[in-house]
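Going down the list, the sequences are from chains A and B. The working numbering numbers the first residue of the first sequence as 1 and each following residue consecutively. The working numbering numbers the first residue of the second sequence as 1001 and each following residue consecutively. For every residue, glycine included, the Cβ atom is placed at its ideal position computed from N, Cα and C. Data first, discussion second: the structure below is written as structure tokens.
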Amino acid sequence: MDAELAIEARDESVGDLRRAQAGDAGAFERIYRANAGKVFALCARMTGDRGMAEELTQETFVKAWQSLGSFRGECALGSWLHKVAANVVVSEARSRMRRLRMVVPGQEPDCFPDSRPARDPLGSMDIERAMAKLPEGARTAFVLHDVHGFSHGEIAEMTGQAEGTSKAQLHRARRLLREVLG
Amino acid sequence: MITCERADELLDDFLNGTLDGAAGMALQDHLAACPSCAEAEADLRRLLARAGGLPREIEPPRDLWPGIEGRLERRTMPRLSPTSRLPGILRFAAAAALLVALTSAATLWLVRREPEPVAPPPVAWRVIHMEAASLKVSEPHYLQARSELRAALQAKRDSLSPQTLEVIDENLEVMDRALRAMKIALDKDPGNRGLAVLIESTYRQELNLLMRASRLPAKA
């Protein structure tokens, strides 16, 4: 793609954003088409469940549509959508945890909670599957920080936890993954 | 000499580049002398390289749009776009700020990811190439907008408090210094796309600051 085409593509994206902010659902669909893969990837990795990720991706775009008018371009549209998605996933996880705690009170385990992935010293084990088996807090920190590049400050803002908690969860996730991935 | 336990605690910050000099040197001394911790460091670097190499996009297994479209509330009153209330030059700058919104993800991606992903995300990768190639085209526009916004700020200086002006001037100076240094570096290494992206990003930050400054209310 040469520079002229690139600028044209950017202008089209800016135009779609402005049209969607003015209520044009067609322009918003183009924004969806351009960003669905990124949002779905984040939701799938944060939940470890692709079925749930489909629902949360839809929820993310509905929320984005509702608050698109307040988007002022302080960050990239893709980053903003990522933040909306992370908030949607974290909110869903919180309400799920609340429901669970009503039945079984307890703390998150400091290990792989269900079937522990077999150690794979040759590195052929799918890192995606290993991430999916991490405890939820550790998975959130690892996916947001090490896969999608958010800072601890941004993660703290999204999850409503202290930066120190995000760092501790990341340390735990890295330790657990190193154990199984070698 | 630090302990293995302490070395384990410091490794994350070390690899994130956030460990200060003395602690960093202590850790490096420890890693040079302790094969077990050195192996842990190598494992962690491999893990981060694998995580950084994962694709940023995964296509949903089905088209999710129909389920979204049905839930969109109709907006009968079109919202004002962030630029519609601004006079001419501010609209230009706001458009530049909107460009930030659409392109700085690539910048962030480039800056944050030290080990280059094995399979970089196709869209972000294209955007980085786009930006590097387009600096020559876009720079005159940034410079023009900057000059006009600076003139607008100059005309408004008397209405702003000294403390506010100090903060604005300090930030502008930092950005100017950074721009000068990056442009000298780019002259020496014209093919460095990362520098071109950073220069564009800094221009956009500067325009954003100038635009915000020109919107500040007058001192009481």
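Closest Cα partner of Met1175 (chain B) within the set B:Glu1041, B:Glu1200, B:Arg1157
B:Glu1200
Could you give the distance in angstroms between the alpha-carbon of Leu45 (chain A) and the alpha-carbon of Glu59 (chain A)?
The amino acid at residue 45 (chain A) is misidentified as Leu; the sequence shows Arg. Each residue's CA atom was taken as its position, placing Arg45 (chain A) and Glu59 (chain A) some 16 Å apart.
Alpha carbon of Thr1103 (chain B) to alpha carbon of Ala76 (chain A), nearest angstrom:
Confidence is the limiting factor: at Thr1103 (chain B) the pLDDT is only 39, short of 50, which leaves the residue's position unreliable and the question unanswerable from this model.
Is the distance from the Cβ of Val84 (chain A) to the Cβ of Ala64 (chain A) below 8 Å?
yes
Per DSSP, what kind of secondary structure is Ala1038 (chain B) in: helix, strand or coil?
Looking at Ala1038 (chain B) - three-state DSSP - the assignment turns out to be helix.
Looking only at C-alpha atoms, which of A:His148, A:Ile127, A:Ala25 sits nearest to Glu179 (chain A)?
A:Ile127
Listed from N- to C-terminal order along the chain, which residues in the stretch 1049-1070 of chain B have their beta-carbon within a distance smaller than 8 Å of any beta-carbon of chain A?
Close to chain A, meaning a Cβ-Cβ distance shorter than 8 Å, are the following residues of the stretch 1049-1070 of chain B: Arg1050, Ala1051, Gly1052, Leu1054, Pro1055, Arg1056, Glu1057, Ile1058, Glu1059, Pro1060, Pro1061, Arg1062, Leu1064, Trp1065, Gly1067, Ile1068, Glu1069.
Thinking C-beta only, is Leu1216 (chain B) closer than 8 Å to Ala1160 (chain B)?
Checking the sequence shown, residue 1160 (chain B) turns out to be Leu, not Ala. Cβ atoms of Leu1160 (chain B) and Leu1216 (chain B): closer than 8 Å.
Does the distance from the CB of Leu134 (chain A) to the CB of His82 (chain A) come in under 8 Å?
no
Residue environment, Asp1063 (chain B), which counts as buried when at least 16 other CB atoms sit within 10 Å:
exposed
Residue range of the alpha helix (DSSP H) that includes Pro1162 (chain B):
1162-1188 is the extent of the alpha helix (DSSP H) around Pro1162 (chain B).
Please state whether DSSP places Glu1059 (chain B) in a helix, a strand or coil.
coil
With 16 other Cβ atoms within 10 Å as the buried cut-off, status of Thr193 (chain A)
The structure shown does not extend to residue 193 (chain A), since chain A is modelled only from 1 through 182, so no value can be given for it.
Taking Cβ-Cβ distances below 9 Å as the criterion, which residues of the stretch 1034-1047 of chain B are in contact with chain A?
Ala1040, Asp1043, Leu1044, Arg1046, Leu1047
Can you tell me which of the three DSSP states Leu1054 (chain B) falls into?
coil
Step through the CB atoms of chain A and report whether any lies within less than 8 Å of the CB of Ile1168 (chain B).
no
Closest to Ala20 (chain A) by C-alpha separation, out of B:Met1025, B:Pro1060, B:Gly1017, B:Leu1072, would be which residue?
B:Leu1072
Quick one: what's got a C-beta closer than 6 Å to Phe61 (chain A)'s C-beta in the same chain, skipping five residues either side?
Tyr32
Near Ala1033 (chain B), which residues of its chain fall below 7 Å by C-beta distance, leaving aside the five closest residues on each side in sequence?
none
Would DSSP call His152 (chain A) helix, strand or coil?
helix
With three or more beta-carbon pairs closer than 8 Å as the criterion, would you say the stretch 164-178 of chain A touches the stretch 1009-1020 of chain B?
yes
Closer than 7 Å to a non-hydrogen atom of the ligand SAH - does that hold for the CB of Ile127 (chain A)?
Ligands are entirely absent from the displayed structure, and the ligand SAH is therefore not among its contents.
Proximity test, Cβ basis, 8 Å: Val62 (chain A) and chain B:
yes
Could you compute how far the alpha carbon of Arg96 (chain A) sits from the alpha carbon of Gly160 (chain A)?
16 Å
Burial state of Leu1031 (chain B) (16 or more Cβ within 10 Å):
buried
Excluding the 5 residues preceding and the 5 following Ala1038 (chain B) in the sequence, name in chain order all residues of the same chain whose CB lies nearer than 6 Å to its CB.
Leu1031
Suppose contacts are defined by Cβ-Cβ distances below 8 Å. Is Val39 (chain A) in contact with Leu1054 (chain B) by that definition?
Not in contact: Val39 (chain A) and Leu1054 (chain B) (Cβ atoms no closer than 8 Å).
Let's test the definition: count the other Cβ atoms within 10 Å of the Cβ of Pro1060 (chain B) and tell me whether it reaches 16, buried, or not, exposed.
buried
What is the DSSP secondary structure of Asn1192 (chain B), counted as helix, strand or coil?
Asn1192 (chain B) falls in the coil class under three-state DSSP.
Take Gly37 (chain A) as the anchor and find which of A:Leu56, A:Arg72, A:Ala132 has the nearest alpha-carbon.
Put simply, of A:Leu56, A:Arg72, A:Ala132 the residue whose alpha carbon is nearest the alpha carbon of Gly37 (chain A) is A:Leu56.
So for Arg1204 (chain B), helix, strand or coil by DSSP?
helix
Run through chain A and tell me which residues come within less than 8 Å of Leu1072 (chain B), C-beta to C-beta.
Ala25, Phe28, Val62, Trp65
Neighbouring residues, chain A, relative to Asp1012 (chain B) (Cβ below 8 Å)
Under the 8 Å cutoff, chain A gives Lys167, Leu170, His171, Arg174.
Using the beta-carbon count (16 or more within 10 Å), is Lys167 (chain A) buried or exposed?
buried
Could you check which residue in B:Thr1018, B:Gly1024, B:Asn1016, B:Asp1020 has the C-alpha nearest to that of Met1001 (chain B)?
B:Gly1024
From Ser1147 (chain B) to Val1167 (chain B), what distance separates their C-alpha atoms?
19 Å
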